[in-house]
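2 protein chains.
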Amino acid sequence: MSNINHTLIADFPVFESFSTQELNLVLNNAKSLRYPIGEIIFEQSAPAHSYFFLLHGHIRVTKITPEGKQIGVRYINPGEFFGITEAIGIDRYPATATAAIDSIILCWPSSNWHPLMKDVPKLADKMLKILGRKLQQTHTRIIELTTQSSEQRIANVLLDLSQNSGRQVGENTEITFPISRQDIAEMTGNTLHTVSRILSNWESRSIVKSGRKRISITNLEALKALAQKNT
Amino acid sequence: MSNINHTLIADFPVFESFSTQELNLVLNNAKSLRYPIGEIIFEQSAPAHSYFFLLHGHIRVTKITPEGKQIGVRYINPGEFFGITEAIGIDRYPATATAAIDSIILCWPSSNWHPLMKDVPKLADKMLKILGRKLQQTHTRIIELTTQSSEQRIANVLLDLSQNSGRQVGENTEITFPISRQDIAEMTGNTLHTVSRILSNWESRSIVKSGRKRISITNLEALKALAQKNT
DNA sequence: CGGTAGGTTGATCGCCTTCAAATCGTGTGG
DNA sequence: CCACACGATTTGAAGGCGATCAACCTACCG
């Protein structure tokens, strides 16, 4: 029996309709860990020893090219599994995961994956759906990269982040973890210079308000309009 | 019992280590169909009624953006499943599939998916791996799009196509189905003009030889060098 | 309070798109 | 069998978007 209480995870959508017994099966063999901001959880190409679930915080996932250029893959929100290499039959992490902010995660040894999927088939189903959605999102990303302008891509990333990792503060929606121009550049395929120029421009038009590693959206409608194709 | 003989599929890598009995389970409920060049197999956003396996030929998969711009996703080779929407829990096709050349496919009703996965768990495992590899390939594509020049991206696509869909003809490797500049442009995020210019340039350097909807690589090493990061 | 990581802003350059027009290949109907 | 039509390709010219190079500024941290 696990030393982690099932109520810790019961409310996340992935586990909806799971019985207490099933939750306990899931938590069996799980360890909880705290990662302070900036700490690396796993590194690209390293042998995959564990898989993870984010309880609290935010994780930044990045990939590095053979030429050494870094690109941002995505941000993990609480309630998401990550590093599930066993699911797709690989034995090394395909990317690097870093705590974007102090975070608490659950982790299981990789060897636990197949037994768990067998014991809780419901979870295996979920995993497939998760993979499927990821694949779709990745395709959307490609479409954006090939058909949209820098400005549109940045607008889209910001909308996505505000939707999935945003917090309402008065009139504004602010992104709940520190994110730099460089980070946005790596996610949108731009240089930080371009990102800075565009954000400055938006700031002058009162669409966003941003500071050092902080971004807050003041005019969501305007941003949505920018993300849409127009001139 | 199916009217399709199991030897038709036995030699494809996906089915390696499958028993005759398992193969017959797979073929149960399968229909084989012939699609002439240019014919649409399924269309993006249409309700997913079937899933498919390519026996012979080549299938082009494309996506269309909300703004109406078309992009090329990939080419299916014989031995691959496609349109497996059930696997990722969606009920509409996420892209359009067209016969790039006269093709022969197997097709099953979507409703057959879950029973089959249950009857042949070995196949479910394979499907996960396939999805995983697809996800990885898609990420590679993103990396290429964000970090490489037009020339490098085109070189990479050509290398990929020659590897997976190439035929050795004397000194040259030619791509075994008709593919236009426009097609390559849609796969690499370029205009057909850029593709044409680059191919013309390569032709003058004796790296490729190409005609109307036909491409043949005459100097593989040179192409590999171009795909690599250089100046 | 100094050092440093993050951010801004200007100037220039080049790749690729866009616009335009000509040419080539292929299949088809008279 | 030839002429024609249309799709595919080539090539030129111009222009722009975003990268690159460069310098400076500013907020936070120890």
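Heads up: the protein sequence lines correspond to chains A and B, in order.
In terms of full-length UniProt numbering, the first sequence is residues 1 to 231.
In terms of full-length UniProt numbering, the second sequence is residues 1 to 231.
The beta carbon of each residue, even a glycine, is placed where N, CA and C say it ideally should be.
B/Thr-62 versus B/Leu-54, B/Thr-188, B/Val-120, B/His-139, residue with shortest Cα-Cα distance = When only C-alpha atoms are compared, the closest one is B/Thr-188.
Give the DSSP-derived three-state secondary structure of A/Phe-12 in the structure shown.
-> A/Phe-12 falls in the coil class under three-state DSSP.
Burial state of B/Gly-156, where buried means 16 or more other Cβ atoms lie within 10 Å = Contrary to the premise, residue 156 of chain B reads as Asn rather than Gly in this sequence. By the neighbour-count criterion, in which a residue is buried when 16 or more other Cβ atoms sit within 10 angstroms of its Cβ, B/Asn-156 is buried.
So A/Val-120 and A/Glu-22 are in contact, right, with Cβ under 8 Å, and what is the actual spacing, rounded?
-> The Cβ separation is near 5 Å, so the contact holds.
On the premise that B/Glu-151 lies in contact with B/Ile-198, defined as a C-beta separation below 8 Å, what is that separation, rounded to the nearest angstrom?
-> Rounded, the Cβ-Cβ distance is 6 Å, consistent with contact.
Nearest-angstrom Cα separation, counted from A/Gly-211 out to B/Pro-78 | One C-alpha to the other measures close to 53 Å.
Give a yes or no on whether 7 Å exceeds the smallest Cβ distance from A/Gly-89 to chain B.
-> Chain B, which has a Cβ nearer than 7 Å to the Cβ of A/Gly-89, makes this yes.
When you compare each of A/Arg-74, A/Pro-13, A/His-6 to A/Ile-179 by their alpha carbons, which one comes out closest?
-> When only C-alpha atoms are compared, the closest one is A/Arg-74.
Near-chain A residues of the UniProt domain "HTH crp-type" (148 to 221) of chain B - C-beta to any C-beta below 7 Å | Along the UniProt domain "HTH crp-type" (148 to 221) of chain B, the positions whose C-beta sits under 7 Å from a C-beta of chain A are Gly-189, read in chain order.
Please decide whether B/Glu-43 counts as near chain A, where near means a Cβ-Cβ distance under 7 Å.
-> It does not: the Cβ of B/Glu-43 has no partner Cβ on chain A nearer than 7 Å.
Cβ-Cβ separation, B/Ile-76 to B/Phe-82 (assumed contact under 8 Å), whole Å = Between B/Phe-82 and B/Ile-76 a beta carbon distance of about 5 Å is seen, short of the 8 Å cut, so the two are scored as contacting.
Is A/Ala-99 helix, strand or coil when you go by DSSP?
-> Note: A/Ala-99 maps to strand in three-state DSSP.
DSSP bridge partner residues for A/Pro-47 (one or two, in chain order) = For A/Pro-47, the beta-bridge partners assigned by DSSP are A/Arg-92.
Does DSSP put A/His-193 in a helix, in a strand, or in coil?
-> Reduced to three states, the DSSP call for A/His-193 is helix.
Between A/Tyr-35 and A/Ala-99, is the Cβ-Cβ spacing less than 7 Å?
-> By the CB criterion at 7 Å, A/Tyr-35 and A/Ala-99 fall inside the cutoff.
Residues of the region 121 to 149 of chain A with Cβ closer than 7 Å to any Cβ of chain B, in chain order | Listed in sequence order: Leu-128, Lys-129, Leu-131, Gly-132, Lys-134, Leu-135, Gln-136, Thr-138, His-139, Arg-141, Ile-142, Ile-143, Leu-145, Thr-146, Thr-147.
If I'm right that B/Ile-143 touches A/Ile-59 with Cβ under 8 Å, what's the distance once you round it to whole angstroms?
-> By a beta-carbon distance limit of 8 Å, B/Ile-143 does not contact A/Ile-59. Their separation comes to about 20 Å.
From B/Leu-226, B/Thr-194, B/Phe-18, residue whose alpha carbon lies closest to that of B/Ile-207 = Considering only alpha carbons, the answer is B/Leu-226.
Determine the direct distance from the alpha carbon of A/Lys-209 to that of A/Asn-172, and round the result to whole angstroms.
-> Separation of A/Asn-172 and A/Lys-209 (C-alpha to C-alpha, rounded to the nearest whole angstrom) is 9 Å.
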